[in-house]
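Visitor: This is the structure I have questions about; it appears just below.
In our numbering, the protein residues as written are 2 to 119.
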């Protein structure tokens, strides 16, 4: 039995763009942001984080999504907010809001975006 090993630093499509993976789904964007909405602790395909206001954060994608119809999930690092929702979903980024029931609250957030890149 012969076994082959494929080693590559970059895999591209025949036209030089991103390779299309079939029958699998991978996160196109993820990030971990601090509560104040000013620091990206770790990320993939996130260019900036904007603190839009207390309890409102917006991330911008390095590479845009193909359209605004994609799946986005956020989770919070603490129970400081008991309501979270995604807002302003666009091809270039997305905003999240964190609300305690009586006021917006700054909360560290983990983001995961799944869909097609442009």
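Positions of the beta carbon are idealized from the N, C-alpha and C atoms, including for glycine.
Figure out for me which residue from 74, 105, 61 and 76 has the closest Cα to the Cα of residue 91.
Guide: For the purposes of this step, residue 91 is taken as the residue at position 90 of the chain shown. Among 74, 105, 61 and 76, the Cα nearest to that of residue 91 belongs to 61.
Visitor: Considering residue 70, what are the terminal residues of the beta strand (DSSP E) in which it resides?
Guide: Taking the first residue of the chain shown as position 1, residue 70 is located at position 69. For residue 70, there is no enclosing beta strand (DSSP E), since its DSSP letter is neither H nor E.
Visitor: By alpha-carbon positions, which one of 10, 19, 22 and 32 ends up nearest to residue 73?
Guide: Locating residue 73 in the chain shown gives position 72, counting from the first residue. The option with the nearest alpha carbon to residue 73 is 32.
Visitor: What residue ranges within the region 94-118 form continuous alpha helix (DSSP H) runs of no fewer than 4 residues, ordered along the chain?
Guide: none
Visitor: Leaving out five residues on either side along the sequence, give the residues of the same chain with a beta carbon under 6 Å from the beta carbon of residue 43.
Guide: For the purposes of this step, residue 43 is taken as the residue at position 42 of the chain shown. Cβ within range, chain order: 33.
Visitor: Could you tell me the alpha carbon to alpha carbon distance between residue 119 and residue 20, rounded to whole angstroms?
Guide: Sequence index remark: in the chain shown, residue 119 carries index 118 (1-based). Sequence index remark: in the chain shown, residue 20 carries index 19 (1-based). Straight-line Cα distance between these residues: approximately 12 Å.
Visitor: Taking the C-alpha atoms as reference points, what is the distance between residue 116 and residue 4?
Guide: Within the chain shown, residue 116 is the residue found at index 115, counting from 1. Within the chain shown, residue 4 is the residue found at index 3, counting from 1. Approximately 34 Å, taken between the alpha carbons.
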